[in-house]
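Asks: Protein chains in written order, with the working numbering: chain A, 1 to 336; chain B, 1001 to 1336. Virtual Cβ for every residue (Gly too), placed ideally from N, Cα, C. If you're wondering where the values come from, they're calculated on a predicted model, not measured in any experiment. One structure, pasted below without further comment.
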């Protein structure tokens, strides 16, 4: 499937979704839309992902199957400055894939254009209607379940899940990712957007996916969300932990992070405390241990990164690495 | 406000909502509808709540302002055998109050009848549209916040919150309940149904209520939900803990309970473990201690109850009592 990725004015640093899709998605990316960087190429900004030209708008894109919204402003609103590109895409018969809180199918103009041109509007963040409460039986599937947990949001849980599954597959294992957020869902092409389901169904929405895929694969890498110490999102984190009933946990952290993003009064606890909280919470429902750590060393040079990993490993008391910069094998060895 | 309570075939044991409203609500209950016990009186079944006649249907009820659905079958569906009573109520100009997952306002017949007869359909479990993520600032209000937490669902957290607030008011304090579930909302006449909000807004929906009421009162008793060790509902519990940012916790337990309701493979952990989990989770966001326990001794005689409370107190390492059977003063002394 060929796509264009909309990332106006936010590429690359604030285009987490777009970068995730470029790095892990099974799409041919024909172009990235960013009116600020038009004329450049993806590889100038992010060297280690699929390359593509950067263009100013949909009019400069050749034939593609879909336009994918690759950025998500705070609050998940739709920016009116994107309307022309979405309109052009639909008029040309392209599907539009969006992870915004604002649902494109509820937009009258887009809904009409999609119907008229026989295109699909895929609002990735809209949960399906048949979700329910967890039955507490995810542990019954015939697969090893590995959950990424974090010290905060945006430390790399989705990325780590993707790297681990990819490395496991390269080593000959039958491994998949269980996607729980918009980027993961776009990359994998399916999944439940856990942060948008009814709160009573948080665990159930994860369990449903485990039950659906568990007996078909040997290793399920569940994409974690938020953090158990996050003032706003801990409920989602806790629901995923108990719904997935993982066998092992990988603690994800960002080097140098000392406080929760946007909640500066809340410090990130010592790693030992984080481990105790996750293991303690898992224990009564389905015991799981933190067998490895993943450190996001983005922005450091290799030497700094190596030192940061060593320090993290010592604090954690478990093997750790940066699976994007270095290699995921060390983590895999600990959890498989 | 005068009401009738619908509780067909489930009064009193499975009519948790109806009993809660009879016990704590500021309503004049004119009748309870239960076709199985018609002809009897509430006091024959539940001696310590507001008394009312039990009748077979809405046709046997005198003038009332509203019909309140006082039962909630598993799944929260609407039973078609109740339709005649709801129809009659609306035709007579009564409002209808419901905490079902099935929203009465989405029922075409009821919506039309309500419009025609100028009545209100109050779907207590429908969250309002302006909820958002927590800002992590509930601790900034000028009030003491006390949260009830539990070892399981249905152990009495709502009841304990009501008893504590009532006893505090009787002692001259300015105390209110922050309602988080359908029965609490019906009793108090306001509140957010936390188990039905978007999972990302779990903490935010609690925080919103604390911010709204915090500076107007001295003590806020927040109604807890679920349990941190519940396979399906722990996410809601965790979100309330971090959203409310309580100063103290009251651990609620049911005497003799050893396993999670409907999840028999999950044992209730030792009380010490429960305390550690709640306090450990609270700590990084806003520290809170379990200063007291509340034991539900329903079904025991007084001597058994006293022995059970003593054993619970010893296991908990904190003052405890059954505030419904005995008195809430002991708990209040520990938390205020």
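If you draw a straight line from the alpha carbon of residue 1274 (chain B) to that of residue 1055 (chain B), how long is it in whole angstroms?
Replies: Spanning the two alpha carbons is a distance of roughly 43 Å.
Asks: Which runs of the alpha helix (DSSP H) at least 4 residues long sit entirely within the segment 1177–1264 of chain B? Give them in chain order.
Replies: List check, alpha helix (DSSP H) in window: 1182–1188, 1202–1213 and 1234–1244.
Asks: Any beta carbon of chain A sitting closer than 8 Å to that of residue 1278 (chain B)?
Replies: So, not an interface residue.
Asks: If you reduce the DSSP assignment to three classes, tell me which class residue 310 (chain A) lands in.
Replies: Correct three-state label for residue 310 (chain A): helix.
Asks: Could you give the residue range of the alpha helix (DSSP H) that holds residue 21 (chain A)?
Replies: Unbroken alpha helix (DSSP H) run through residue 21 (chain A): 16–24.
Asks: What are the boundary residues of the beta strand (DSSP E) that residue 1137 (chain B) is part of?
Replies: Residue 1137 (chain B) -> no beta strand (DSSP E), and no H or E assigned at all.
Asks: At the level of alpha carbons, what is the spacing between residue 1034 (chain B) and residue 194 (chain A)?
Replies: Going from the Cα of residue 1034 (chain B) to the Cα of residue 194 (chain A) covers about 39 Å.
Asks: Assuming contact is defined by CB atoms lying nearer than 8 Å, are residue 1279 (chain B) and residue 1290 (chain B) in contact in what I supplied?
Replies: Against a cut-off of 8 Å, the Cβ pair of residue 1290 (chain B) and residue 1279 (chain B) comes out as a contact.
Asks: Taking the alpha helix (DSSP H) that residue 1278 (chain B) belongs to, which residues open and close that run?
Replies: Here the alpha helix (DSSP H) through residue 1278 (chain B) covers 1271–1282.
Asks: Would you list the residues sitting across from residue 53 (chain A) in a DSSP beta bridge?
Replies: For residue 53 (chain A), which the question treats as bridged, DSSP gives the partners A:41.
Asks: Buried or exposed: residue 1163 (chain B), going by 16 or more other Cβ atoms within 10 Å of its Cβ?
Replies: Its Cβ being crowded by 16 or more others within 10 Å, residue 1163 (chain B) is buried.
Asks: Can you give the Cα-Cα distance for residue 1118 (chain B) and residue 1112 (chain B), rounded to whole angstroms?
Replies: So the two alpha carbons sit approximately 10 Å from each other.
Asks: Under the three-state reduction of DSSP, which class applies to residue 85 (chain A): helix, strand or coil?
Replies: Looking at residue 85 (chain A) - three-state DSSP - the assignment turns out to be helix.
Asks: Could you tell me the distance, in whole angstroms, from the CA atom of residue 270 (chain A) to the CA atom of residue 262 (chain A)?
Replies: Looking at the two C-alpha atoms, the distance is approximately 19 Å.
Asks: Mind checking whether residue 236 (chain A) and residue 294 (chain A) have CB atoms under 8 Å apart?
Replies: No, the Cβ-Cβ distance between residue 236 (chain A) and residue 294 (chain A) is not below 8 Å.
Asks: Name the chain B residues that come within less than 9 Å of residue 281 (chain A), Cβ to Cβ?
Replies: Under the 9 Å cutoff, chain B gives 1228, 1229, 1234, 1238, 1277, 1280 and 1281.
Asks: Consider the C-beta atom of residue 192 (chain A) and the heavy atoms of the ligand ATP; say whether any pair is separated by less than 7 Å.
Replies: Only the bare structure without any ligand can be found here, which leaves the ligand ATP out of the picture.
Asks: Helix, strand or coil: which one does DSSP assign to residue 64 (chain A)?
Replies: Correct three-state label for residue 64 (chain A): coil.
Asks: CA-CA distance, residue 1148 (chain B) and residue 260 (chain A)?
Replies: Rounded to whole angstroms, residue 1148 (chain B) to residue 260 (chain A) spans 26 Å at the Cα level.
Asks: Check residue 1175 (chain B) in the structure and name its three-state DSSP category.
Replies: Strand, per DSSP.
Asks: Taking Cβ positions, are residue 1062 (chain B) and residue 1084 (chain B) nearer each other than 8 Å?
Replies: Cβ distance not < 8 Å, so residue 1062 (chain B) and residue 1084 (chain B) don't count as in contact.
Asks: Tell me where the alpha helix (DSSP H) around residue 165 (chain A) begins and ends.
Replies: Residue 165 (chain A) -> alpha helix (DSSP H) spans 157–170.
Asks: 8 Å is my cut-off, CB to CB: does residue 1197 (chain B) come that close to chain A?
Replies: Interface residue, yes.
Asks: I'd like to check one pair, residue 281 (chain A) with residue 228 (chain A): are the Cβ atoms closer than 8 Å?
Replies: For residue 228 (chain A) and residue 281 (chain A), yes; Cβs fall inside 8 Å.
Asks: Against chain A, with Cβ distances strictly below 8 Å, would residue 1202 (chain B) count as a contact?
Replies: Chain A contact via Cβ: present.
Asks: Which of the three DSSP states, helix, strand or coil, is assigned to residue 1324 (chain B)?
Replies: If DSSP states are grouped into helix, strand and coil, residue 1324 (chain B) belongs with coil.
Asks: Under three-state DSSP, which class holds residue 266 (chain A)?
Replies: If DSSP states are grouped into helix, strand and coil, residue 266 (chain A) belongs with the strands.
Asks: At the level of alpha carbons, what is the spacing between residue 1202 (chain B) and residue 205 (chain A)?
Replies: Approximately 16 Å between the Cα atoms of the pair.
Asks: Would the segment 11–31 of chain A and the segment 152–169 of chain A be scored as touching if the rule is three or more Cβ pairs under 8 Å?
Replies: Contact between the segment 11–31 of chain A and the segment 152–169 of chain A is present, because at least three Cβ pairs lie under 8 Å.
Asks: Check whether the segment 1040–1058 of chain B touches the segment 1204–1223 of chain B, counting contact only when three or more Cβ pairs, one atom from each stretch, lie closer than 8 Å.
Replies: The answer is no - the segment 1204–1223 of chain B does not touch the segment 1040–1058 of chain B, with fewer than three Cβ pairs under 8 Å.
Asks: By DSSP, does residue 1123 (chain B) sit in helix, in strand, or in coil?
Replies: In this structure, residue 1123 (chain B) counts as strand in the three-state DSSP scheme.
Asks: Using the beta-carbon count (16 or more within 10 Å), is residue 1001 (chain B) buried or exposed?
Replies: Label assigned to residue 1001 (chain B): exposed.
Asks: Can you find a CB in chain B that lies within less than 8 Å of the CB of residue 284 (chain A)?
Replies: Yes, residue 284 (chain A) counts as interfacial toward chain B.
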